[in-house]
Amino acid sequence: MNTDIIQKTIAFVKKELAEAEGGHDWFHIERVFKNTLLIAKSENVDSTVVTLAALLHDIADSKFNDGDETIGPKKAEAFLISQGVSDATIAHVTAIIENISFKGGNKKQTFESKELEVVQDADRLDAIGAIGIARAFNYGGYKNRKLYDPEIAPNLKMTPEQYKQSTAPTINHFYEKLLLLKDKMNTQTAKKIALKRHRFMEDFLTQFYKEWSGEG
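The sequence shown: position 73 = 1436 (this note's numbering), numbered continuously.
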């Protein structure tokens, strides 16, 4: 793995995400990067591809670009071309970025690789557990959403477009995405970690509803 390109990519990402929302900033990228390295130890993958994909996977999240899912892959591709990265590596990294997101609405992936599985698991792990809870409410506050509304039920039958445009309370997001991720992990390493984080979220929801109901 070319350590020089990795350091240049880190510097590029830090600069690009300097003003990013707290749940999708450099620290999110760093955690996904660390998760990727951990998972990759037990998988036969191209270390350069998974590292670059982890670092660039949220370089221009569609949520902050009017729903445009093409900006991120294009920006990553342009950067990698400028760094003289091989065409094959660039193609693989951009394909991962295009397919890593949950997206909702039971949307099917159009690309498969072991490298995608590793980075996808690393990203999904950061969406659950204590960090996942913090990120969910941070984004909910960023979008001025309600914490919870008993009159608004979670919707598990949304199309991808409905999922993208949803303004539902943050608690609904647990049922529409976060609690579903445990069973969507690809690797054994991620599955083990996800189980612990999933249980933490269940405990949080139990306590949340008790406090909401005035049970102390």
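Glycine included, every Cβ here is placed at the ideal spot set by N, Cα and C.
Can you give me the start and stop residues for the alpha helix (DSSP H) that residue i sits inside?
i       : result
Ala1306 : This structure gives no information on residue 1306, because the portion of the chain shown stretches from 1364 to 1579.
Pro1523 : 1523 to 1528
Asn1380 : Just to set this straight, residue 1380 is Leu in the shown sequence, not Asn. Leu1380 -> no alpha helix (DSSP H), and no H or E assigned at all.
Phe1563 : 1551 to 1575
His1387 : Looking at the DSSP string, His1387 is not in any alpha helix (DSSP H), and its letter there is neither H nor E.
Glu1539 : 1533 to 1539
Given a cut-off of 8 Å, decide if residue j and residue i are closer than it, judged by their beta-carbon atoms.
i       : j       : result
Ala1553 : Ile1369 : no
Ile1491 : Leu1541 : yes
Glu1539 : Asn1507 : no
Pro1532 : Leu1568 : no
Ile1459 : Glu1478 : yes
Lys1547 : Arg1487 : yes
Ser1449 : Gln1551 : no
Glu1384 : Tyr1572 : no
Gly1503 : Arg1560 : no
Ala1493 : Phe1563 : yes
Ala1557 : Leu1544 : yes
Trp1389 : Val1408 : no
Any heavy atom of the ligand MN inside 7 Å of the beta-carbon of residue i?
i       : result
Lys1437 : Ligands displayed in this structure: none; no statement on the ligand MN is therefore possible.
So residue i packs on residue j, CB below 8 Å; how close in whole Å?
i       : j       : result
Glu1461 : Asn1549 : Not really, about 17 Å apart at Cβ, beyond 8 Å.
Ala1485 : Val1395 : 5 Å
Ala1417 : Thr1399 : 4 Å
Gln1446 : Lys1378 : About 14 Å separates the two Cβ atoms, so there is no contact after all.
Asp1367 : Ile1392 : Contact flag wrong, Cβ pair sits at about 19 Å.
Thr1414 : Glu1440 : Between Glu1440 and Thr1414 the Cβ distance is about 16 Å, and since that is not below 8 Å, they are no contact.
Val1412 : Thr1473 : Actually they do not touch by this definition, with Cβ atoms about 18 Å apart.
Ala1499 : His1536 : 5 Å
Asn1501 : Gly1386 : 5 Å
In chain order, each alpha helix (DSSP H) run of at least 4 residues that lies wholly inside the region 1392 to 1449: 1410 to 1419, 1434 to 1445
Length at least 3, wholly inside the region 1496 to 1520: the beta strand (DSSP E) runs in chain order: none
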